[in-house]
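A short write-up of the structure that comes next.
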Amino acid sequence: MAAQVELFLQTLISGFLLGGLYALIGLGMALIMGVMRIINLAHGDLMMVAMYVAYWLFTLFHIDPYLSVFVATPLLFFLGVGLQKFLINPVMKVESILPHNQVILTVGIGMILANLATVFFTSNYRSTPVSYASKAWYLTDFWKNAPIELSLSAPWSLSFLAAVIITVALWFFLTKTDTGKSIRATAQDIDAALLMGVNVGVMRAVTFGIGAALVGGAGCLFIPIYYLYPSLGKQFTNVGFVITVLGGMGSTEGAIIGGVILGIFESMTATYLGMGWAPVGRFLIFVAALVFLPGGVASILRKQRLGK
Amino acid sequence: MKKFMPPIILAVLCFLPLVGLSSYAMHILVLVIMWSIIGMGWNLLGGYCGQVSFGHAAFFGMGAYSSGLLYYHFGISGWWGLLVSIPVLTITSLVIGFICLRLRGAYFALATLALGEVLRVTAENLVKFTQGDLGILIKQRTWVEKTWYFYVILLLAAGSFLLVKKVMESKLGYYFVAIREDQDAANSLGINTTLYKTIALCLSGVLTGMAGAFYMNYMGYIDPTTVFPLYDISIVTVMVVMVGGVATYWGPVIGALIMVFLAEVIRSMPKIGAAHQTLFGILLIFIIIFLPNGIVGDFRKITGLFKPRGALK
Amino acid sequence: MKKMSVIFAVSFLAAFFAGSLFAQEVKFAIPLPLTGTNAKFGEIEKRSYEIAMEEINAKGGVKGKKIVLVFEDSQGKPEVARSIAEKLIDVKKQPVIFGEYSSSCSKAIAAVAEERKTPYLVVTGATDDITQQNYKYVFRLNPTNAYYASGLISFFKEVVKPMSIAILYESSDFGTSGAEDMVKQAEKFPMKVLTKEQYEKGAVDFKPILSKVKSEKPDVIYMVSYVMDASLLMRQIKELRIDAKLYAGGAAGFAIPEFIQSAKEAAEYVVTATLWSPQVVYPGAKEFAEKYKKLYQDYPSYHGAEAYSALYIIKDVLTRAKSWTPDGIRVAMKGTNMVTAFGPIRFEDKAGYTNQNFMDTLVLQVINGQFETIWPQKYATKKYVYPIPRWRDRK
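Residue numbers (the working numbering), protein chains in the order written: chain A, 1 to 308; chain B, 309 to 621; chain C, 622 to 1016.
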């Protein structure tokens, strides 16, 4: 019995921590999708770029990956703004039969980023072996005769904490500043925003920049607990999609809740159904959300608010 | 003149194996034609009907596996898969349609993307039924020479081309375009949008699935990661059509030429090593910035470049 | 003036081409994954081929001809690998093909090679069925997946004597067949298989599944991972303090230097099956490893030794072949009996395999942050550490 409780609690803890990190990846994508209505298939590759930044800062200057967040996020912000301004915007402006042709653009960008990383940095697997990489806190350290043993990983908790801080900062930016409010207005209704005098073009560039910066931050938080190679982006792009749909496009609260739901759901499938099925679980919850909850968690939140 | 283009091209292609092309060239040709079929299938749903799918690997893989499993479980020739894939894919499309078609735009795209991935992981996990990651290997492929493979896939391609053309010239085609242009308006005009979208999806799925069944017989080996991949099949399919030209008859063919033939040429350029993907990526970005409707779709733009200035206005 | 320069250019070009035409060289193109997920292994092999090429050329090449290697990127996609094979056979008229990394690409090439009656030397593809098809033209120098763990099994039998095992493997043909084989071995043992779980390559969090393993208390945890999943698994095992008697890896991800670099102290005492290590006694093995380390800072994994030796086998075959035609080379290859840096090579038909090389596999253990060969004892560079300390007793 105690063993079963331990198993359940440990799964819950790791699912929760994983979810927090996933949320950060999803946040950027939710914003970009909400404001620009484009599917960004280069999202994970942007994360890869940030991870290389963190890696080189660590290897060359011994800068802790958590500190490199302060370098990588601004860098990625400008990269994102640049990509939006010079590549994506021109394509979005022209009339075409299907608006989805920007997808080719993001695929192309992702392809080039991953390939350039291979050419310049080789395809070696990299990691930042920080001294606290496998440090953890244990329940028995605090409570000698505990019937169960639980553990909490130090770098995972740190990454989670940093993710929460970044998310809160973003939330303040979006709700309290003028730029943030304009971005949210653009996400909700482009035409209305235009009428209210919001410079939609600039907002789009800024949004793409913020989206890139967020996933860049996620990259820095991932590298101490994960590893790095040039073509790792794709799997994280997928995670981003799932969260965006779970949470709702353009919604920050939704993305956070969506991330945590996904993390816990994935961990639970892994424990109780088998880890091979975890991706099936991920995508089934995704389809279920699309069908039964189009609009994501955000739509529930909105309903509640209106109810008051 | 335009009317005679398809039969002329078909005739030229029919005689192509007789001129003694190397088996390498034939392989590339077979792949190009196979991808044009997938492209035509996608175009029917995405290009004409406006339902952009990011999950055509689901259909391709189902086709490949219906052929492979027939061979593996019943020991009969994988070519029966070409026939069997038709009902299998119709059912698959109906199921996928039931789940996804109520969604619109980006949501539809994402839902199909997810279903493609679900099928891949399911195939990986049902080890007893599909052999999982060990894959299915055909011990002896039917022919050593490529000639017959070429004619089979050419026949399929000609059939698909005809089908797409006939459908688009019929009433069905008008409904499809109406749905793409404005679904609500189509609805209010009394067009049963769900029905027509389902028809487009089924046709699209069957065409793609038959290409998948052919792939099994041609390559002789499949596993879930080679026939259900998101990027190598689903996204490449979207690119084939978009680069070639959305909602055009020849777009998928041109797109397949670029995505297979040109990619191969760039890949085998000497001295660039792994950097060939950067080059190809830049090419794609250029195409889409300057020709947002694809090469066939914006063909006038290209010819316009070569005309004297005065002729433009 | 203009005419002059044209004439000059033409004659220069003519001289250049004539020069390369009549130079005594033999050119081989090698398919390898240089981009994509498996690019790391493609790179190790590419470097190793190049080292072998330089050595052979420095000693006068093959029958006085210089070897020139070019590499073709298969991107890890079977249909691209097949394109390359078709091109080599058909356009380049290359009489023998060797290379490629993953099993699925090797299978694609093997089928073409057999149909076109061109010998193909499989260098790293490990799934059993490649050499179980009765292919006459397909040879394989690496042992198959079923034999990867043979050294490890004998270590289990004689030292660890485990009663139960938990198997975790990645969802790929390599992982699946490695796990299936371990299950078969465990039945013979007998050893109880408590869990056999598959995971998606590149997973981030293994803690749920590891917690489950922990609650089952297996004697041995056996993991088959292609890449860095190996280091994540060990890091998270350490974090959860799962105390098994032994942590064992099934080659690949556990046997590359990055494993120790990334897992650090969590890698300590982990044992892994491997096909080769720099400490083996075969002639040239140590020299190759040192040369590789000097050039690229790290010791090569067994993939490097396989590639390095493959070129030596090709050289040996070409020297013995009566004619450099596919059939001449096939006959010569069948008669191969040599010792390479990778080990003794003979292509045998037995136990359902055709043209398959069989050899002993080794067991490595991480001791003081270094890979040491510990089993079979005749190759051991250090005595194994067993029993291993519990996590909470380690520093």
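Ideal placement from N, C-alpha and C gives every residue a C-beta, glycine not left out. None of these values were measured; they are calculated from a predicted model.
Chain A residues whose Cβ lies nearer than 7 Å to that of Y539 of chain B: What you label residue 539 of chain B is simply residue 231 of the second sequence in a count that begins at 1. Simply K234.
Distance, L402 of chain B Cα to G197 of chain A Cα: Indexing the first sequence from 1 puts residue 197 of chain A at position 197. Indexing the second sequence from 1 puts residue 402 of chain B at position 94. Answer to the nearest angstrom: the Cα atoms are 46 Å apart.
Status (buried if at least 16 other CB within 10 Å, exposed otherwise) for R1013 of chain C: Looking up residue 1013 of chain C in the third sequence gives position 392. That one is exposed.
Nearest residue (CA-CA) to M812 of chain C, options C:V804, C:Q819 and C:E818: The residue given as residue 812 of chain C occupies position 191 in the third sequence. Residue C:V804 is the option with its Cα nearest to M812 of chain C.
Local conformation of L98 of chain A per DSSP, three classes: On the first sequence, residue 98 of chain A is found 98 positions in, with the first residue counted as 1. In the structure shown, L98 of chain A sits in coil (DSSP, three-state: anything other than H, G, I, E or B).
Under 8 Å from the C-beta of Y226 of chain A: neighbouring residues of chain C: Taking the first sequence and counting its residues from 1, one reaches residue 226 of chain A at position 226. By Cβ distance, chain C contributes V825 and L853.
Proximity below 7 Å, CB of A50 of chain A to CB of G219 of chain A: For this step, residue 50 of chain A is matched to residue 50 along the first sequence. For this step, residue 219 of chain A is matched to residue 219 along the first sequence. Taking 7 Å as the Cβ cut-off, A50 of chain A and G219 of chain A qualify as a contacting pair.
Uninterrupted alpha helix (DSSP H) stretches inside the region 209 to 269 of chain A (no shorter than 4 residues): 233 to 247
Among B:M342, B:Y380 and B:Y529, nearest to I751 of chain C - alpha-carbon criterion: Position 130 of the third sequence, counted from the first residue, corresponds to residue 751 of chain C. Looking at the Cα atoms, B:Y529 is the closest of the given residues.
Beta-carbon contacts of M674 of chain C that lie in its chain and below 7 Å, excluding the five residues immediately before and after: Locating residue 674 of chain C in the third sequence gives position 53, where the first residue counts as 1. These residues qualify, in order along the chain: I688, L690 and L932.
Chain-ordered chain A contacts of N525 of chain B [CB-CB under 9 Å]: Here residue 525 of chain B refers to the residue found at position 217 when the second sequence is read from its first residue. Per Cβ cutoff of 9 Å: no residues; N525 of chain B is ~28 Å from chain A at best.
Three-state secondary structure (DSSP) of A650 of chain C: The count along the third sequence starts at 1 and reaches residue 650 of chain C at position 29. Of the three classes helix, strand and coil, the one that applies to A650 of chain C here is strand, per DSSP.
Same chain only: Cβ atoms within 7 Å of G358 of chain B, ignoring 5 sequence neighbours per side: Within the second sequence, residue 358 of chain B is the residue found at index 50, counting from 1. The answer, listed in chain order, is I487 and R488.
Within chain B, the residues that K698 of chain C reaches when beta carbons sit closer than 7 Å: By 1-based counting over the third sequence, the position of residue 698 of chain C is 77. The answer, in chain order, is D540.
7 Å Cβ cutoff, G250 of chain A in contact with chain C: Position 250 of the first sequence holds residue 250 of chain A. Cβ-Cβ to chain C under 7 Å: no for G250 of chain A.
Backbone secondary structure at F963 of chain C - three-state DSSP: Here residue 963 of chain C refers to the residue found at position 342 of the third sequence. Residue state, collapsed to three classes: coil.
The region 823 to 831 of chain C / the region 259 to 275 of chain A touching (three or more Cβ pairs under 8 Å): yes
Endpoints, the alpha helix (DSSP H) within which S159 of chain A is located: Taking the first residue of the first sequence as position 1, residue 159 of chain A is located at position 159. Start and end: A154 to K176.
Between the CA atoms of L497 of chain B and P99 of chain A - distance to the nearest angstrom: For the purposes of this step, residue 99 of chain A is identified with residue 99 of the first sequence, where counting begins at 1. For the purposes of this step, residue 497 of chain B is identified with residue 189 of the second sequence, where counting begins at 1. Roughly 24 Å between the two C-alpha positions.
Residues of the region 431 to 458 of chain B with Cβ closer than 8 Å to any Cβ of chain C, in chain order: E432, N433, V435, G440, D441, L442, G443, L445, K447, R449 and V452
Under the three-state DSSP convention, the category S331 of chain B falls into: For the purposes of this step, residue 331 of chain B is taken as residue 23 along the second sequence, with counting starting at 1. Here S331 of chain B sits in helix by DSSP.
Bridge-paired residues (DSSP) for W137 of chain A: Taking the first residue of the first sequence as position 1, residue 137 of chain A is located at position 137. Partner(s): A:L152.
Rounded Cβ spacing between Y132 of chain A and S151 of chain A (contact assumed at less than 8 Å): As a position in the first sequence, residue 132 of chain A is number 132, starting the count at 1. As a position in the first sequence, residue 151 of chain A is number 151, starting the count at 1. That pair is no contact at about 14 Å.
Cβ-Cβ distance between L916 of chain C and G772 of chain C below 7 Å: Residue numbering aside, residue 916 of chain C sits at position 295 when the third sequence is read from its first letter. Residue numbering aside, residue 772 of chain C sits at position 151 when the third sequence is read from its first letter. Against a cut-off of 7 Å, the Cβ pair of G772 of chain C and L916 of chain C comes out as no contact.
Contact with chain C by A3 of chain A, beta-carbon distance below 7 Å: Taking the first residue of the first sequence as 1, we reach residue 3 of chain A at position 3. Closer than 7 Å: yes.
According to DSSP, residues forming a beta bridge with N958 of chain C: Reading the third sequence from its first residue, position 337 is the one you call residue 958 of chain C. Paired residue(s): C:R967.
Local Cβ density within 10 Å of I590 of chain B, reported as buried at 16 or more and exposed below that: Looking up residue 590 of chain B in the second sequence gives position 282. Label assigned to I590 of chain B: exposed.
Contact set for E969 of chain C: own chain, Cβ-Cβ below 7 Å, skip 5 residues either direction: Here residue 969 of chain C refers to the residue found at position 348 of the third sequence. Only Q977 and F979 meet the Cβ criterion.
Rounded distance between the beta-carbons of I461 of chain B and I341 of chain B, thought under 8 Å: Counted from its first residue, the second sequence places residue 341 of chain B at position 33. Counted from its first residue, the second sequence places residue 461 of chain B at position 153. Contact holds; Cβ gap of about 5 Å.
Min CB distance T586 of chain B to chain A below 7 Å: Position 278 of the second sequence, counting from 1, holds the residue named residue 586 of chain B. It does; some Cβ of chain A falls within 7 Å.
Counted within 10 angstroms of its Cβ, other Cβ atoms place F643 of chain C as buried (16 or more) or exposed: To locate residue 643 of chain C, count along the third sequence from 1; it is residue 22. Because the pLDDT of F643 of chain C is 40, which lies under 50, any placement of that residue in the model is unreliable, and the number read from its coordinates should be weighed accordingly. Looking at its Cβ environment, which holds fewer than 16 other Cβ atoms inside 10 Å, F643 of chain C is exposed.
Backbone secondary structure at L620 of chain B - three-state DSSP: Counting from one through the second sequence, the residue named residue 620 of chain B turns up at place 312. With a pLDDT of only 44 at L620 of chain B, under 50, the local geometry of the prediction cannot be trusted, and the value read off the model is given with reservation. L620 of chain B: helix per DSSP, three-state reduction.
Outcome for F236 of chain A when other beta-carbon atoms lying within 10 angstroms are tallied against a minimum of 16: Residue numbering aside, residue 236 of chain A sits at position 236 when the first sequence is read from its first letter. By the neighbour-count rule (16 or more Cβ atoms within 10 Å), F236 of chain A is buried.
Minimum Cβ-Cβ distance from G328 of chain B to chain C less than 7 Å: By 1-based counting over the second sequence, the position of residue 328 of chain B is 20. No, its Cβ sits nowhere closer than 7 Å to a Cβ of chain C.
Inter-residue Cα distance where the pair is N601 of chain B and G258 of chain A: In the second sequence, counting from the first residue as 1, residue 601 of chain B sits at position 293. In the first sequence, counting from the first residue as 1, residue 258 of chain A sits at position 258. Those two C-alpha atoms are separated by around 35 Å.
Buried versus exposed call for S846 of chain C [16 or more other C-beta atoms within 10 Å across all chains shown]: Numbered from its first residue, the third sequence carries residue 846 of chain C at position 225. It counts as buried.
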